[in-house]
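Residue numbers (full-length UniProt numbering), protein chains in the order written: chain A, 1 to 570; chain C, 1 to 570.
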């Protein structure tokens with residue numbers, strides 16, 4: 001039982017030195033690679049850079065104990081940082097103590113929600129985010145983040161969490177661009193683009209093995225960080241006005257207690273829920289993909305507990321909301337991580353850096369970090385997805401387009417909510433008109449087929465209506481409509497048979513509609529029968545009075561109904 | 001084309017003197033019967049009694065021209081009056097000019113929404129209100145209305161639109177009960193209960209024909225109104241403090257213009273939407289039931305236009321939100337109404353009363369009206385429905401219980417919204433786990449059945465997975481899960497066939513999941529095949545790249561897949 005909630009107990013006893021070796025190497029590589037992005041995402045959320053490091057420590061340790069994915073790496077990620085910034089900037093001024101305190105509350109709320117969803121096995125909630133909604137949301141968020149980073153790259157002041165606000169403040173301050181910052185920012189941007197675009201090919205031409213080449217390309221941001229930090233230190237760029245990370249207090253984070261301010265909790269409830277669900281979707285998609293590569297399995301509800309624990313840990317260790325990140329997970333996986341211990345080792349590595357080496361980060365220009373975010377994030381803008389979705393289904397495309405437009409115009413929360421509402425609405429609309437067909441008998445057989453597509457035998461007083469969907473509240477009235485127009489259009493009808501071979505469920509609304517159909521057909525002196533009702537559906541019908549009131553019979557097969565009713569009147 | 005939007009043009013040319021006779025009689029009866037309830041519902045909504053008369057005039061005329069139901073009678077109804085009062089009391093003080101003005105805005109908004117839904121053919125929106133939600137809402141509203149009328153019956157001050165507020169203010173003022181009012185109120189209540197409970201039986205014992213007996217029982221409220229008005233006039237009860245309807249300005253309503261106050265419009269938007277949908281559901285249910293009795297048809301989208309027109313008319317003639325009412329429609333139908341002209345005649349009748357006979361209503365005690373509402377409304381409290389729903393389905397029952405509890409505790413709007421959200425959530429949850437089965441071949445045949453229920457032939461390297469539901473975003477991930485755990489549990493697998501005979505739709509999310517399954521199975525060196533894909537689904541798949549990337553083939557039948565893949569490796 002305890003093993004179910006603490007997966008580490010299941011695998012740690014079987015740990016081997018060989019696994020230890022792989023995990024240690026992965027841990028060291030991840031430590032070096034994720035420090036720049038951890039700093040950058042904290043800044044994106046409007047928090048001090050060091051918060052990004054803190055959020056990569058305890059949360060990763062907690063996830064290592066609770067998580068089921070072998071290679072998921074937990075820490076600050078871009079989208080969640082953007083959502084965090086959007087939520088916090090509504091309740092406090094970036095840079096203020098209240099802002100920091102609100103970040104802890106947001107982490108705690110999100111952690112509690114994730115854990116609760118895990119205990120209640122509500123992982124399926126994430127399914128309400130359809131792929132078009134996620135795709136539209138990620139593309140729009142990527143654009144938003146890229147635009148927001150432009151101000152850091154150009155060295156001007158700009159803020160906001162909607163495209164309009166960002167572009168507006170950028171346009172107003174463009175004239176004040178700070179050229180030394182621009183030099184660093186655009187320089188890093190160009191370097192990173194070249195490495196990403198041509199690095200792999202160049203290294204292949206130099207006969208560098210593929211795995212190493214891929215790691216070197218991924219190390220691009222680290223190289224940019226090292227180079228610009230050196231330049232910034234050597235030429236004291238901070239003195240010429242280039243924004244740098246600055247002094248980071250050395251040492252591990254102390255214990256922090258999220259404030260118990262009910263009105264603040266209330267305001268952050270919806271953002272925390274959205275952050276939880278989006279974070280879970282990002283994390284679980286990565287974890288499932290990598291698990292499948294190893295023919296391995298992850299447990300979604302246990303993952304919720306793992307991410308919940310990680311966020312609660314962030315709340316108590318001066319952190320920010322975290323989740324399993326795309327890029328840090330890929331690095332972890334490609335560096336050969338074998339168990340969650342790799343994440344633990346990376347956390348120890350980052351802990352050592354936080355303890356002793358933060359002075360090395362002092363001169364790192366913010367513009368370099370902005371450039372690394374921009375290059376990473378623009379891969380989220382998925383133009384082919386737009387084209388494919390448009391071609392495949394207009395209804396899915398509308399969900400994507402609305403999510404994207406609302407995210408850009410109204411912000412991340414409005415975007416995701418309207419996308420979800422629209423896709424649920426479209427789905428309900430589609431199922432609210434179940435396919436049905438009047439069928440007739442293929443002469444000489446016991447088979448029945450649609451009268452519109454086949455040359456079949458029919459009888460004028462008897463209608464055989466096959467329903468091709470489960471019956472529930474959204475289509476119950478449509479069923480009534482179908483039957484009533486059938487009866488209204490064929491005054492000679494005396495018997496209607498509903499063939500229920502494809503009906504997996506009849507909910508209370510559909511039952512009332514069947515009751516109503518039965519009663520109204522009775523008023524018009526038409527008898528209602530059922531045929532081919534599935535076992536579980538019939539068991540449930542027996543709990544109601546419907547079968548007692550039914551004017552006709554429930555036949556086992558359509559053929560039985562046909563033989564009986566056909567013979568009766570002809 | 002114009003006939004489609006003005007159904008009156010279709011039937012008026014065929015109007016006969018015989019129809020005129022029936023409609024005239026029905027019009028006269030309805031006039032007499034609905035005057036008390038029209039006054040009562042206006043008071044329930046916190047409006048002057050005369051507004052109820054005004055709302056029975058022009059709206060009924062407009063509906064007669066636009067509606068498709070032969071016997072629907074449009075005017076103020078109890079539930080809509082309750083919702084109107086709840087909405088208006090949040091924006092203005094009952095009795096104030098602002099309150100009256102807001103009632104016009106609410107009618108206009110509701111009318112515009114109904115008309116827009118009609119033009120956009122969005123009648124299916126009403127389907128989102130499942131039967132358990134409607135049942136729970138009506139029961140709770142009935143209770144709320146009955147409690148609210150107690151104050152009029154006891155002659156004390158009490159107000160509010162939640163059970164808590166009502167009971168609280170009743171309890172505080174109980175000691176101030178006004179005994180002459182109580183005498184009238186409880187006297188009427190007792191009389192009405194006796195008539196309703198025993199009237200039919202007593203009249204049957206006296207050999208009164210059934211139809212006439214039923215009309216006489218329904219006339220109970222009219223008799224109570226006449227009797228108490230006479231008593232009130234004779235003994236001048238108003239002087240002893242019994243609240244009466246009082247002076248009603250004689251004459252037809254003038255043209256009123258709803259104010260264009262944007263913040264007021266914005267506040268009333270959600271209430272107007274809920275009033276529209278609830279009103280439409282009440283109206284369409286009645287109309288459909290009566291149309292079916294005559295093997296007749298109504299057009300739901302045209303009904304939306306009819307009700308929309310009626311509400312817009314109410315907004316411009318000093319009215320209040322209206323819809324097709326349960327009791328007034330039954331009276332109209334049972335009085336023999338043949339066409340919508342019966343409604344027009346009733347409107348003319350009420351118009352004549354409003355013009356010339358309002359002094360007769362001056363002494364009518366409010367307590368009598370409260371008693372008639374109470375008796376009528378308590379029939380909405382449907383205890384058997386609770387029991388039946390509990391027995392039939394716990395999931396439907398939970399939707400009913402939540403709607404009821406929220407309506408009583410938080411009010412009508414919170415009740416209906418939470419009910420809708422919960423029932424949609426429960427439905428999505430149910431379909432998010434589609435039934436699927438591993439099938440095998442019934443030896444010697446081309447038939448395939450579930451391996452758990454039948455003794456079938458299987459091959460260890462081949463899995464045939466039949467999916468019994470359309471694939472869409474809410475179950476796409478579940479499908480991935482199913483396939484991955486299948487592959488993880490059978491390491492010897494080399495081929496997986498998805499049998500899609502019951503798949504009517506594959507949305508973009510499910511397509512991505514299929515893509516992902518294909519790619520991940522490829523990573524694990526398992527080939528993915530499809531079988532029995534339906535025509536329209538296949539057409540759509542051809543618009544995507546999925547079929548090109550598919551590692552295996554799309555077989556026409558399961559048997560074809562079996563023969564091919566079975567032979568290949570064995």
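We treat Cβ as the ideally placed atom computed from N, Cα and C, and that holds for glycine.
- prompt: Which residues share a DSSP beta bridge with residue 464 of chain A?
  reply: A/439 and A/497
field: Proximity test, Cβ basis, 7 Å: residue 593 of chain C and chain A
entry: No statement about residue 593 of chain C is possible, as the shown extent of chain C runs from 1 to 570 and does not include it.
message: Strictly by DSSP, which residues pair up with residue 186 of chain A?
response: Residue 186 of chain A pairs with nothing; no bridge assigned.
- request: Can you tell me which of A/48, A/415, A/376 and A/401 puts its alpha carbon nearest to the alpha carbon of residue 388 of chain A?
  value: A/401
Cross-chain neighbours of residue 424 of chain A in chain C, by beta carbon under 8 Å: 424 and 428
- prompt: For the segment 184-204 of chain A, which residues have a beta carbon sitting closer than 7 Å to at least one beta carbon of chain C?
  reply: none
message: Give me the chain C residues within the contact set of residue 37 of chain A, using Cβ-Cβ distance strictly less than 7 Å, ordered along the chain.
response: Chain C residues near residue 37 of chain A: none, gap ~26 Å exceeds 7 Å.
task: May I have the straight-line CA-CA distance separating residue 565 of chain A from residue 439 of chain C, to the nearest angstrom?
output: 35 Å
- prompt: Which residues, in chain order, does the segment 109-131 of chain A contribute to contact with chain C at a C-beta distance below 7 Å?
  reply: 124, 127, 128, 130 and 131
task: Report the neighbours of residue 484 of chain C on chain A: residues whose CB is nearer than 8 Å to its CB, in chain order.
output: 288, 291, 292 and 297
query: When you compare only the Cα positions, how much space is there between residue 570 of chain A and residue 514 of chain A?
result: Summary for residue 570 of chain A: the model assigns pLDDT 44, below 50, so the residue's position carries little reliability; its value from the coordinates is reported in the next sentence. The straight-line gap from Cα to Cα measures roughly 27 Å.
Residue 235 of chain C, DSSP secondary structure in three states: coil
task: Could you tell me which residues DSSP pairs with residue 586 of chain C in its beta bridges?
output: A query on residue 586 of chain C cannot be resolved here, the shown segment of chain C reaching from 1 to 570 and no further.
- prompt: What residue does the alpha helix (DSSP H) around residue 357 of chain C start on, and which one ends it?
  reply: Premise fails: residue 357 of chain C is in no alpha helix (DSSP H) and is neither H nor E.
Opposing strand residues paired with residue 393 of chain A [DSSP bridges]: DSSP, once it has assigned bridges, lists no residue as partnering residue 393 of chain A.
query: What alpha helix (DSSP H) runs, 4 residues minimum, are completely inside the segment 6-31 of chain C?
result: 8-11
field: Nearest-angstrom beta carbon gap, residue 454 of chain A and residue 442 of chain A [assumed within contact, 8 Å]
entry: 7 Å
query: Pick from C/97, C/18, C/48 and C/144: whose alpha carbon is nearest that of residue 380 of chain C?
result: C/144
message: Given a cut-off of 7 Å on the beta-carbon distance, is the pair residue 437 of chain C and residue 132 of chain A in contact?
response: no
- request: Using a Cβ cut-off of 9 Å, pull out every chain C residue sitting near residue 391 of chain A, in sequence order please.
  value: 543 and 544
- prompt: Can you tell me whether residue 176 of chain C is buried or exposed, with buried defined as 16 or more other CB within 10 angstroms of its CB?
  reply: exposed
- request: Could you tell me the boundaries of the alpha helix (DSSP H) in which residue 328 of chain C lies?
  value: 326-334
C-alpha gap between residue 115 of chain C and residue 276 of chain C, whole angstroms: 10 Å
- prompt: Hey, is residue 448 of chain A's beta-carbon within less than 7 Å of any beta-carbon in chain C?
  reply: no
Candidates C/140, C/180 and C/167, of which the one nearest residue 153 of chain C by Cα: C/180
task: Output yes if chain A places a C-beta closer than 7 Å to the C-beta of residue 571 of chain C; else output no.
output: Because chain C here runs from 1 to 570, residue 571 of chain C falls outside it and cannot be looked at.
task: For residue 286 of chain C, count neighbouring C-beta atoms within 10 Å of its own C-beta (all shown protein chains included) and say buried if the count is 16 or more, exposed if not.
output: buried
Where residue 75 of chain C sits in the DSSP three-state scheme: strand
query: Mind checking residue 157 of chain A: buried by the 16 CB within 10 Å criterion, or exposed?
result: exposed
C-alpha distance - residue 533 of chain A paired with residue 468 of chain A, whole-angstrom precision: 12 Å
message: Under 8 Å: do the segment 254-271 of chain A and the segment 105-120 of chain A share three or more Cβ pairs, one atom per stretch?
response: yes
Chain C within 7 Å of residue 432 of chain A, Cβ atoms only: yes
query: Which one of A/456, A/452, A/329 and A/549 has the shortest CA to CA distance from residue 445 of chain A?
result: A/456
- prompt: Is there at least one Cβ from chain C nearer than 7 Å to residue 570 of chain A's Cβ?
  reply: With a pLDDT of 44 at residue 570 of chain A, under the threshold of 50, the predicted position of this residue should be treated as unreliable, and no value is reported.
query: Taking the C-alpha atoms as reference points, what is the distance between residue 538 of chain A and residue 399 of chain A?
result: 37 Å
- request: With 7 Å as the threshold, decide whether the Cβ of residue 552 of chain C is near any Cβ in chain A.
  value: no
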